[in-house]
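S.K.: Numbering (this note's numbering), first residue to last: 149 to 784. Idealized CB from N, CA, C, for every residue including glycine. Sending over a structure as structure tokens; questions will come in a sec.
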Ligand code: ADP
Ligand code: MG
């Protein structure tokens, strides 16, 4: 242990704390021993630089990945074009970051590792418009206090390099060295002097994953810079410099992500702060079970922000369900004066001046983009990757050639109820299949049905080629949207069951249902308690038609119990409605007539979010004639 006992020989501090001018926190009295008598003070002492640094390090350096992130930020602030990161033992043994950036002048090298020493801001006013990633002047000092630090740097204008070795905030050596223009920072034996903190590290595998994530997250917004990450002799990440944004996104999030996402670029009116949101949002059909591909940046910084996260989740809420997480790379930009980046030592949080506006802007733009993923003739699934360029408008802005026929919402639920099929079909008589549609332009987006496949898929022909519809998924989405419209419109239309369905449940559940009868009623379900451990379902949403009422009610009750009282009803509503819609929807193996199929297609065209079912799976795909031709090697 090299930690000097407090009060005795303090480690030779390598540079004065720039405390004198540092503002209100600076306390000029440094020597407790000067205090006159016991009662006049002496209990409050200024901590030594070393201890102060360790405390700061506690916030900045949580784990090896935090150091990697800070070092990368320094290299990028120095305008590096190529950065190499070498890791030994998940960064615990050593982290070395080498860049070809501007370098540090020999005369500044010692100051670089002092706390609150930075070349990036000079005054409090500068804080309002920070243009660099770093500005707190804490990273190197923090690293130096919890590890052995070596910086070797050659400034672009200097003709030789210098090397500084620091250990536990104490300078060990300062001497000339050999190094090309640029800087190498090496951090060894992390937490060697704070064994307690070292114990908090997770397995090497986990720490390495965090490091990889830190590199990816920084690299995503800096496509011009090349990044190489190696653990020992194993190369983990190689990203060439000079890339475009789209190439970098593709390299980090995958080809499939770019193909299954929508490029967006939306701006607010200049009057409302000149906000801009651009990037790529994954189609709901391309979601993940864990939130692992979500990248959100504010003015070029990777940020974790509850507010923005909420806006994004809410925008996806209607198209994504059951614990699925969207993938996205979103870049949010606004005037630096409208966002405070000096909120947390790790700089991964911000505070927005007008948070409500920010939330509404992000939510509004995304919700519209996602809602527009509708049957548009091309179909979201077969749509080629949107080109990320300002020349071509984002696909969300493509006009949607929707059929301008009003569907018959009231009858929709009955779509698959044999007795009512005729009625519905009649209303769509205009779509009865013409043998040969007169001209391509008049064909509705999802075309005309031609057949049903194995009781599961509807096949239709549209202007582009072949449309394949998953009947169950499509019907589920339609039922859900209708129920939701009714729910928001005040009341869900109910239908009285001829024979109430009796349910045996644990008495706690019976209590629960009894206490929340009103909430069940809002969802269109009248459930009564008929005994200590029994319930009877008397009325159900009319839209649910011939659903399995018993299973539906059991699931709904279980969901309500799970969600607990604390969750807002709005939050659980979607899930409950989605669950109900799923139960109510046509199962596979229903034979449909051509008229019924066309009625389904027309209804999909006029239903919001018809491109996905409630589980985020697609409801239909389009195979263009060109792609069919390719299958048969036609015209090649
Ligand atoms: P901050 O980045 O907040 O200024 P740091 O402690 O991370 O604080 O770095 C202190 C200073 O050291 C920086 O302001 C910068 O001048 C210099 N520096 C650190 N790393 C590099 C680097 N890789 N290239 C050039 N200068 C660097
Ligand atoms: Mg820094």
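Does the pairing of the segment 606 to 623 with the segment 665 to 681 give three or more beta-carbon distances under 8 Å?
M.R.: no
S.K.: May I ask you to report which of helix, strand or coil DSSP gives residue 339?
M.R.: Working through the chain shown from its first residue, we reach residue 339 at position 191. Reduced to three states, the DSSP call for residue 339 is coil.
S.K.: Suppose contacts are defined by Cβ-Cβ distances below 9 Å. Is residue 399 in contact with residue 235 by that definition?
M.R.: The sequence position of residue 399 within the chain shown is 251, counting from 1. The sequence position of residue 235 within the chain shown is 87, counting from 1. No, the Cβ-Cβ distance between residue 399 and residue 235 is not below 9 Å.
S.K.: With DSSP as the reference, please indicate the residues paired to residue 627 in a beta bridge.
M.R.: Numbered from 1 along the chain shown, position 479 holds the residue referred to as residue 627. Per DSSP, none; premise fails for residue 627.
S.K.: Report the rounded CA-to-CA distance for residue 758 versus residue 284, giving the unit in angstroms.
M.R.: Stepping through the chain shown from its first residue, residue 758 is reached at position 610. Stepping through the chain shown from its first residue, residue 284 is reached at position 136. Taking the straight line from one Cα to the other gives about 49 Å.
S.K.: Do residue 221 and ligand 1 come close, with the Cβ less than 8 Å from some heavy atom?
M.R.: Position 73 of the chain shown, counted from the first residue, corresponds to residue 221. It does: the Cβ of residue 221 is within 8 Å (strictly closer) of some heavy atom of ligand 1.
S.K.: Ligand 1 heavy atoms versus the CB of residue 467: any closer than 8 Å?
M.R.: Mapped onto the chain shown, residue 467 falls at position 319. Not so, every heavy atom of ligand 1 lies at least 8 Å from the Cβ.
S.K.: Considering only the beta carbon of each residue, do residue 617 and residue 609 sit closer than 9 Å?
M.R.: On the chain shown, position 469 is the one that residue 617 refers to. On the chain shown, position 461 is the one that residue 609 refers to. Cβ distance not < 9 Å, so residue 617 and residue 609 don't count as in contact.
S.K.: Out of 705, 652, 665, 703, which has the shortest C-alpha to C-alpha gap to residue 680?
M.R.: Locating residue 680 in the chain shown gives position 532, where the first residue counts as 1. For residue 680, the nearest C-alpha among the options comes from 652.
S.K.: Rounded to whole angstroms, what is the Cα-Cα separation between residue 772 and residue 394?
M.R.: Reading the chain shown from its first residue, position 624 is the one you call residue 772. Reading the chain shown from its first residue, position 246 is the one you call residue 394. Cα to Cα, residue 772 sits roughly 26 Å from residue 394.
S.K.: Closer than 8 Å to a non-hydrogen atom of ligand 2 - does that hold for the CB of residue 287?
M.R.: To locate residue 287, count along the chain shown from 1; it is residue 139. Result yes, Cβ under 8 Å from ligand 2.
S.K.: I want to check one thing, is the minimum distance from the CB of residue 218 to the heavy atoms of ligand 2 below 8 Å?
M.R.: Numbered from its first residue, the chain shown carries residue 218 at position 70. Within the cutoff, so yes.
S.K.: Once you ignore the five residues that flank residue 214 on each side, which residues in its own chain have a CB closer than 7 Å to its CB?
M.R.: Along the chain shown, one-based indexing puts residue 214 at 66. Here the set comprises 208, 494.
S.K.: Put residue 603 into one of helix, strand or coil per three-state DSSP.
M.R.: Sequence index remark: in the chain shown, residue 603 carries index 455 (1-based). DSSP places residue 603 in coil when its eight states are reduced to three.
S.K.: Tell me where the beta strand (DSSP E) around residue 358 begins and ends.
M.R.: Within the chain shown, numbered from 1, the residue matching residue 358 stands at position 210. Looking at the DSSP string, residue 358 is not in any beta strand (DSSP E); the run it does join, the alpha helix (DSSP H), is 352 to 368.
S.K.: Hey, is residue 696 close to ligand 2, as in C-beta under 8 Å from one of its heavy atoms?
M.R.: Counting from one through the chain shown, the residue named residue 696 turns up at place 548. Checking the Cβ of residue 696 against ligand 2 gives no.
S.K.: I need the boundaries of the beta strand (DSSP E) containing residue 771, first residue and last residue.
M.R.: Along the chain shown, read from residue 1 onward, the residue named residue 771 stands at position 623. If you look at residue 771, you'll find it in the beta strand (DSSP E) that goes 768 to 772.
S.K.: Do the CB positions of residue 752 and residue 767 come within less than 9 Å of each other?
M.R.: For the purposes of this step, residue 752 is taken as residue 604 along the chain shown, with counting starting at 1. For the purposes of this step, residue 767 is taken as residue 619 along the chain shown, with counting starting at 1. The answer is yes: Cβ separation under 9 Å.
S.K.: Does the segment 503 to 519 come close enough to the segment 453 to 468 to have 3 or more Cβ pairs within less than 8 Å?
M.R.: Counting Cβ pairs under 8 Å, three or more are found: they touch.
S.K.: According to DSSP, is residue 391 part of a helix, a strand, or is it coil?
M.R.: Counting from one through the chain shown, the residue named residue 391 turns up at place 243. Here residue 391 sits in coil by DSSP.
S.K.: For residue 201, I'd like the list of residues in its chain whose CB is within less than 6 Å of its CB, leaving aside the five on either flank, ordered along the chain.
M.R.: Here residue 201 refers to the residue found at position 53 of the chain shown. Same-chain partners within the cutoff: 263, 289, 293, 317.
S.K.: For residue 212, report the span of its beta strand (DSSP E) as first-last.
M.R.: For the purposes of this step, residue 212 is identified with residue 64 of the chain shown, where counting begins at 1. Looking at the DSSP string, residue 212 is not in any beta strand (DSSP E); the run it does join, the alpha helix (DSSP H), is 212 to 225.
S.K.: For residue 443, does the three-state DSSP call read helix, strand or coil?
M.R.: The count along the chain shown starts at 1 and reaches residue 443 at position 295. Assigned with DSSP and collapsed to three states, residue 443 falls in strand.
S.K.: Report buried or exposed for residue 539, applying the criterion of at least 16 other Cβ atoms within 10 angstroms of its Cβ.
M.R.: Counting from 1 along the chain shown, the entry for residue 539 is found at position 391. Because the pLDDT of residue 539 is 34, which lies under 50, any placement of that residue in the model is unreliable, and the question is left without a value.
S.K.: Taking contact to mean 3 or more Cβ pairs, one atom from each stretch, closer than 8 Å, check whether the segment 338 to 352 and the segment 360 to 377 are in contact.
M.R.: With a cut-off of 8 Å, the segment 360 to 377 and the segment 338 to 352 do not count as touching, because too few Cβ pairs lie within range.
S.K.: Are the beta-carbon atoms belonging to residue 219 and residue 245 less than 9 Å from one another?
M.R.: Here residue 219 refers to the residue found at position 71 when the chain shown is read from its first residue. Here residue 245 refers to the residue found at position 97 when the chain shown is read from its first residue. Their beta carbons are under 9 Å apart, which means residue 219 touches residue 245 by this criterion.
S.K.: Candidates 612, 425, 662: which alpha carbon is nearest residue 447's?
M.R.: Numbered from its first residue, the chain shown carries residue 447 at position 299. For the residues 612, 425, 662, the minimum Cα distance to residue 447 belongs to 425.
S.K.: Only counting the same chain, and skipping five residues up and downstream in sequence, which positions put a Cβ closer than 7 Å to that of residue 253?
M.R.: Along the chain shown, read from residue 1 onward, the residue named residue 253 stands at position 105. These residues qualify, in order along the chain: 303, 306.
S.K.: Using 9 Å as the threshold, is the C-beta distance between residue 243 and residue 338 below it?
M.R.: The residue labelled residue 243 in the question sits at position 95 within the chain shown. The residue labelled residue 338 in the question sits at position 190 within the chain shown. Their beta carbons are under 9 Å apart, which means residue 243 touches residue 338 by this criterion.
S.K.: Hey, quick one: how far does the alpha helix (DSSP H) through residue 647 stretch, first residue to last?
M.R.: Here residue 647 refers to the residue found at position 499 when the chain shown is read from its first residue. From DSSP, residue 647 is part of no alpha helix (DSSP H) but of the beta strand (DSSP E) over 642 to 652.
S.K.: Quick check on DSSP: helix, strand or coil for residue 655?
M.R.: For the purposes of this step, residue 655 is taken as the residue at position 507 of the chain shown. Residue 655 falls in the helix class under three-state DSSP.
S.K.: Going along the chain, which unbroken runs of the beta strand (DSSP E) with 3 or more residues stay wholly within the segment 374 to 443?
M.R.: The qualifying runs are 374 to 379, 382 to 387, 409 to 415, 424 to 430.
S.K.: According to DSSP, is residue 677 part of a helix, a strand, or is it coil?
M.R.: Working through the chain shown from its first residue, we reach residue 677 at position 529. Strand, per DSSP.
S.K.: Residues in the same chain with beta-carbon distance under 6 Å from residue 553, minus the five sequence neighbours each way, listed in chain order, please.
M.R.: Counted from its first residue, the chain shown places residue 553 at position 405. Unreliable placement is indicated for residue 553, whose pLDDT of 26 sits below 50; no coordinate value is reported for it.
S.K.: In terms of alpha-carbon separation, which member of 199, 372, 237, 342 lies closest to residue 229?
M.R.: Residue mapping note: residue 229 aligns to position 81 of the chain shown, counting from 1. Comparing C-alpha distances from residue 229 to each of 199, 372, 237, 342 shows the shortest one belongs to 372.
S.K.: Would DSSP call residue 328 helix, strand or coil?
M.R.: Start at 1 with the first residue of the chain shown, and residue 328 comes out as number 180. Three-state DSSP puts residue 328 in coil, outside helix and strand.
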